[in-house]
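What follows is one structure encoded as structure tokens, with my remarks underneath.
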Amino acid sequence: MSDVVEKTLTALPSLLSLDSQPGSAKLSSTSKLGNLIRGITELTSKHEEEKLIQHELSSIKEQVSSPNTTMRQMRELMVRAVYCEMLGYEASFSYIHAIKLAQQGNVLEKRVGYLAVSLFLNESHELLLLLVNTVLKDLQSTNLIEVCMALTVVCQIFPKDMIPAILPIVEEKLNHPKEIIRRKAVLALHKFYLIAPNQVQHIHNKFRKALCDKDPGVMTASLHIYLQLIQENAEAYKDLTASFVTILKQVVGGKLPMDFNYHSVPAPWLQIQLLRILSLLGKNDQRTSEVMYEVLDESLRRAEMNHNITYAILYECVKCVYTIYPKSDLLEKAATCIGNFVLSPKINLKYLGLKALTYVVQQDPKLALQHQMTIIECLDHSDVIIKREVMELLFRITNAQNVTVIVEKMLDFLRLSKDDHTTVDLAGKVAELAEKYAPDNEWFIQTMNAVFSLGGDMMQPEIPNGFLKLLSEGFDSEEEDRKLRLFAVNSYISLLQGDPSKLPQRFLQVICWVLGEYSYLKDDLEPAVVLRLLTNLLDMKSSSSDTRSWVLVAMTKLCWSEAAVSVAQQVAETYSSSFDTTLRQRAQELQHLSRDSHLYSRVLPPGGSLEPVEVDSSLSFLDGFVSEALSAGAAPYKPLHQRQEELSRSKALSLEPYGLSLPISTSSCSITDRQSPTLLSTSSGLSGDSTDFSHRGSSTTLKLDGVKRIWGREGYLAQKEPVEEVAQVEIPSPLRPPGQQGDADSCHSKTPTPTANPEGDREKQLLASSLFGGLSSQSSMCLMEKSEPDIQRFGRKAKGQRTSSTPNEQRSNPSVSSTSAVDNLLCNNLPETNPEPIDSSTKQTFQHPESLPVANGACDAEAIVSDDDRKGRNRPVSPEERVEADESCENLSLTSHLPAELSGFSHSEIIPLYSNQSLALSACHVQTDNTVVLVVFITNSSEDANLQMQVLSEELEACCVCESPVGEVRGHSVSVRQYSLTVKRPVVHFELVGRLSYSLPAGMLQSMQFSYKLPLTSFIRPLTVSTEEYGSMWLAFSHDTKQNLTLIEEEREPLTATLNALRKKLSLHIVEIIGVEGLVACSLLKDQPCLMHCRVHAGRLAVWLRSPVADLPDCLLYHCQRALQEH
Amino acid sequence: MSKMQFMLLFSRQGKLRLQKWYVPLSDKERKKISRDLVQTILARKPKMCSFLEWRDLKIVYKRYASLYFCCAVEDQDNELITLEIIHRYVELLDKYFGSVCELDIIFNFEKAYFILDEFLLGGEAQETSKKNVLKAIEQADLLQEEAEAPRSVLEEIGLT
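So the protein sequences, as listed, match chains F and D. Each residue of the first sequence is one higher than the one before, counting from 1 in the UniProt record's numbering. Each residue of the second sequence is one higher than the one before, counting from 1 in the UniProt record's numbering.
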């Protein structure tokens, strides 16, 4: 094919002269462009080119803005402007004219106008809005070409917010008699689905129609949508499996028109698309997979021709076979295919073979063994990309036995690598392997030294951080810890004695920290020596100020001997007047601490082993302060990025479609909105993985869910205990039948002894046996070890996790309800004896107010109803039967005193408020549909008493429901007072203060005070409104607040999961979820609505609350935040 | 999933001849990417692999005479089919221009764009039948000529 474009630049002069001749229609129509191009080719320097183009641009600029310029001339000018932009010169003045051209020109000018628009502008450009009307007009044109052009431009760029304006017309085009129009309409809808999935939700049926279109082109186009849909939710499309299989069968069988053949292979693009869809559908699903075995077999069989396109199909087929539920004969055929790829002399195929091998090696390590010699040859391949892929493959087959050889190979590669992205990626992988499989301390430290030196300063910060964490937390044996640290110290001392100026800054920082912490372990090392070595680092010109700070901190830790102090003071003197504030600060610290030995021993006690300080990173100790401030009217804190976002939003044009009252975000025109975040991101590190096997450099937490072999040749492999596996390293896996095991073994014994044996080959064999060591003997199981923490040499102690898990402990304690946890935090003035944890089932009722049963007229004292209990309601149940382990008997007996009319509602736990010998006071609150009732239980354990009670609150109105507040309490009984509560002013937590005075007949008047707290959430009820009502209410409300909240991490639908969590905890009503946005409504008791608009944005949940009631949005936001934190 | 990220055509001298971006990127990024890639690819030897890793993308390129065709896809994509996409595009150009050469593309680059848009739309293969793509282009061209004929006469008399 390379001879297709045989004419080259050498033909330039003769061709250029053609231009002036008649009949050369090709070039004459753009003669001015021709002049420009010719002018450029004649130039010799970049500078001249720049001058010429600038001149050209200014002449274009002049002409486009002249009123006399015709559309035809405009078209020519646009072409030239596009050309200038392609050469890298900006022509933004012409953008508006491109739009005008598309708007006003005739068909041919329009075509250039649209092209220029699609090349000039990107999706977020604000000028695009001006295109909407033109597109709309052209879509309705009777001229098919115009309709095509409009659809083409829509598929490329269209403002997301304007989709509703053209959607009905595009939908209509799905029924157009011309297949080209139908095809483009399908693609346009695909585009809409990508940028605004909620907009096209209602036309899923039409997608199905497109899939069944009689024209193969339209059907193929619809597969783009289906691939996307199935990727998002395979379950919903399982029913289409048979259809896809049928289509593929027909394609493979050559039933499509010849037009769709490509080098006599029927519709290869279509085949590949279908194979991708099938592999998504068949993944982890035996029944669905079975439907496709036959057609996959046929695809593998048919694709025999020796052409790239058949290899492309084969590759996709192999991937599919290894992705779906396994079938042994298909796997064998696929393995043969991979073999052919790997062994192919064509370099592209070899590369793909290696890639496929990397993909399947987790399932089939035997395959890597079969090709070990080829793999080793590829290690020395002249093309770096081949070597790179081998690195990836080796990384995946690493185990404890071959780790040293593989890491050495990877480091060799790193030494030669020039590409930053690769370096960062591989350095991370080596660090990961070293941490997992290090055979001994010495090797580990040396490997990490290499990683730090080679990874340089681009390396992800997690690697040095993880390494230091590992050193400081240590392992289970003190002695081992000591040895490792000592080894590190020794190694770093000798590095510093060499030439430290070559070392990357990150590495120097690691060295500083380790020497500061652990150099005391080396007995014969005088700290002053270390200090002098460190001083050298300060004097080095190449040291960054960051590194200097690390040095000073390390020095501070070290100045505990006299000689050291004098060195340190000298240094401190020099730097205490530094212009760098951080450096000056560190120097001052050093100065003061080295002077004052008493202070020094208090700050840095000898021995150096401080217990890790537990940091409450959520700053929860400030919650009280925050809620006070909030209730006093302070605005809630907004993180910087949100403030910026809002700022930029307020500056930007409002792009909301007319007449839409929903709070659809206007930021859709910002670049960040709907683009794949993976594209071209320079920051992402270890992304070289072609499967879901993506470990981050040093984060140990991820390792647990790494590669697991779930599917084997024979089907599902039951999960085994990790301990068992390690023990069984040499024993044939019980899950494999004896025959198969024999296969694996014989294959192992065969492979290291190929026939011919020249010297070079022997070397390679040696290498092979070390590289692939452990692969065969452990059979398929060896790879699982990767995910098992047990065999990790540097398994971290639990200590590391403790800090992070402490906040969870309380949460995971099932007896503490989340609501009471919130309460407890803030109810400091409650008695210490407070909350006996309420029984979990009661808690459940409490948290699901929307599932409250309708009050039944039952007048028995069966007051507390949990979901479970309620089922047995018809049966007479004595309260004793419901004693829960952790519910105190006292509370239980109190619950039976709850007034009958409240029995149908959930109540909070009963909290003791006060007790003395004769009188005990407890209270709870009950949430009814439109009120909250405070119920106070007065248990009188002595004689009859006279009693007066008052309940007050600043924010609440409390009306006594029952008899007069003054009354007699009979001896040895429980009496109940009810107060109906209504909100005067919303706050995060309400506090009620009560005063009780009572007199026993025998004694004198006694009085006491108590207080009771309840959260705002007790007053929140779901508000059922329609989306339309929501829309009009939204606009009417004046008080609002915005905040970004954490999104619950859930793979499929984080928004739904988050909103459901909020609904459960706060009893909100979810009005509608539209794509990434959710509408939620609730009200404060009956009549004070609050609306919440949620939008998923950059991995966070941006919420916007509005209400007619001041403070309500802020207070509710606080509870949302809490609810999600606790989740 | 199989979406192409961008396509670049450049000459052996490193001059950009065509660029089509299917993902939104700033002008600065585009320039940097094309500069980097042109340099990297020109430095590679002819017998080397047609694939490259670049940042987290996979670059697939092929040289036809004096022109390099270069596409970026995601890492897990099928590189071979991308190579065939390039080839099909070259076939389309060849058929349209009749034995295409670099100059055809330089002087008629807007036509090359039209053909590309008819073949790949939004980064996805739109129409893989050679006949259909060319039919669509020719229909538009035909209209173009009809519209053009009377005008050019007028213009020649009145303006130029």
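By construction, the Cβ of each residue, glycine as well, lies at the ideal position given by its N, Cα and C atoms. Keep in mind it's a predicted model, so treat the numbers as computed, not measured.
Just to confirm the assignment, what range does the beta strand (DSSP E) spanning residue i have?
i                       : result
HIS1097 of chain F      : 1088 to 1097
ALA1102 of chain F      : 1100 to 1107
TYR68 of chain D        : 67 to 74
residue 1128 of chain F : This structure cannot settle anything about residue 1128 of chain F, because the visible part of chain F is limited to 1 through 1127.
PRO500 of chain F       : Here PRO500 of chain F belongs to no beta strand (DSSP E), and DSSP marks it neither H nor E.
GLY1075 of chain F      : Element bounds for GLY1075 of chain F: n/a, residue is neither H nor E.
LYS1013 of chain F      : 1005 to 1015
GLN927 of chain F       : 919 to 927
GLY994 of chain F       : 989 to 999
ASN1044 of chain F      : 1039 to 1046
PRO1022 of chain F      : 1020 to 1022
TYR96 of chain D        : Counting along the chain, TYR96 of chain D falls outside any beta strand (DSSP E), though it belongs to the alpha helix (DSSP H) covering 79 to 97.
THR423 of chain F       : Not the beta strand (DSSP E): THR423 of chain F falls in the alpha helix (DSSP H), residues 420 to 437.
ALA563 of chain F       : Careful: ALA563 of chain F lies outside any beta strand (DSSP E), inside the alpha helix (DSSP H) at 562 to 575.
Which same chain residues end up closer than 7 Å to residue i when comparing Cβ atoms and leaving out the 5 residues on each side of it in sequence?
i                 : result
ALA563 of chain F : GLU526 and ALA528
LEU485 of chain F : Contrary to the premise, residue 485 of chain F reads as Arg rather than Leu in this sequence. Counting only Cβ-Cβ distances below 7 Å, and skipping sequence neighbours, we find LEU471, TYR518 and LEU521.
THR374 of chain F : VAL342 and LEU343
Excluding sequence positions up to five away, which residues of its chain have a Cβ less than 6 Å from the Cβ of residue i?
i                       : result
residue 1139 of chain F : The shown model of chain F, from 1 to 1127, leaves out residue 1139 of chain F, and the question about it has no answer.
TYR95 of chain F        : PHE120 and LEU127
VAL82 of chain F        : ALA116 and LEU119
VAL23 of chain D        : GLN5
LEU379 of chain F       : VAL390
HIS1127 of chain F      : ILE1048 and ALA1061
MET395 of chain F       : It should be noted that the sequence gives Phe, not Met, for residue 395 of chain F. Cβ within range, chain order: LYS429.
Could you check if residue i belongs to the surroundings of the ligand GTP, using beta carbon to heavy atom distance under 7 Å?
i                 : result
MET162 of chain F : For the structure depicted, the ligand GTP is absent and the ligand set is empty, with no information on it obtainable.
One question on the structure: do residue i and residue j come within less than 8 Å of each other, judged by their Cβ atoms?
i                  : j                  : result
ALA920 of chain F  : ILE910 of chain F  : no
ALA356 of chain F  : TYR311 of chain F  : no
LEU134 of chain D  : LEU92 of chain D   : yes
ALA91 of chain F   : LEU52 of chain F   : no
TYR1118 of chain F : SER617 of chain F  : no
LYS283 of chain F  : THR323 of chain F  : yes
VAL983 of chain F  : LEU1085 of chain F : yes
PRO500 of chain F  : LEU538 of chain F  : no
ASP929 of chain F  : LEU630 of chain F  : no
GLY88 of chain F   : LYS20 of chain D   : no
ARG985 of chain F  : GLU957 of chain F  : no
Please list the terminal residues of the continuous alpha helix (DSSP H) segment that includes residue i.
i                 : result
VAL170 of chain F : 163 to 172
LEU314 of chain F : 308 to 323
PHE120 of chain F : 107 to 120
ARG63 of chain D  : Per DSSP, ARG63 of chain D belongs to no alpha helix (DSSP H); it is in the beta strand (DSSP E), 57 to 64.
ILE911 of chain F : From DSSP, ILE911 of chain F is part of no alpha helix (DSSP H) but of the beta strand (DSSP E) over 911 to 915.
PRO527 of chain F : 527 to 539
For residue i, collect the residues of the same chain with a Cβ closer than 8 Å to its Cβ; drop the 5 residues on either side in sequence, then sort them by chain order.
i                 : result
SER942 of chain F : GLN917, SER918, LEU919, GLY971, HIS972 and LEU1000
SER578 of chain F : ARG584 and ALA587
ILE385 of chain F : TYR351
ALA140 of chain D : PHE114
Between the stretch 1032 to 1042 of chain F and the stretch 1103 to 1115 of chain F, can you find at least three pairs of beta-carbon atoms closer than 8 Å? yes
Would you call the stretch 13 to 27 of chain D and the stretch 105 to 116 of chain F touching, i.e. three or more CB-CB distances under 8 Å? no
Check whether the stretch 931 to 944 of chain F and the stretch 971 to 982 of chain F touch, using three or more Cβ-Cβ pairs below 8 Å as the test. Enough Cβ pairs lie closer than 8 Å, so yes.
Using 8 Å as the threshold, is the stretch 185 to 202 of chain F in touch with the stretch 1074 to 1094 of chain F, meaning 3 or more CB pairs across them? yes
Is there contact between the stretch 415 to 433 of chain F and the stretch 444 to 456 of chain F, where contact requires at least three CB pairs shorter than 8 Å? yes
State whether the stretch 567 to 577 of chain F contacts the stretch 585 to 598 of chain F, with contact taken as three or more CB pairs (one from each stretch) at a distance under 8 Å. yes
Does the contact criterion of 3 or more C-beta pairs under 8 Å hold for the stretch 23 to 35 of chain D versus the stretch 399 to 408 of chain F? no
Examine the Cβ distances between the stretch 1079 to 1089 of chain F and the stretch 1016 to 1032 of chain F and report whether three or more of them are shorter than 8 Å. yes
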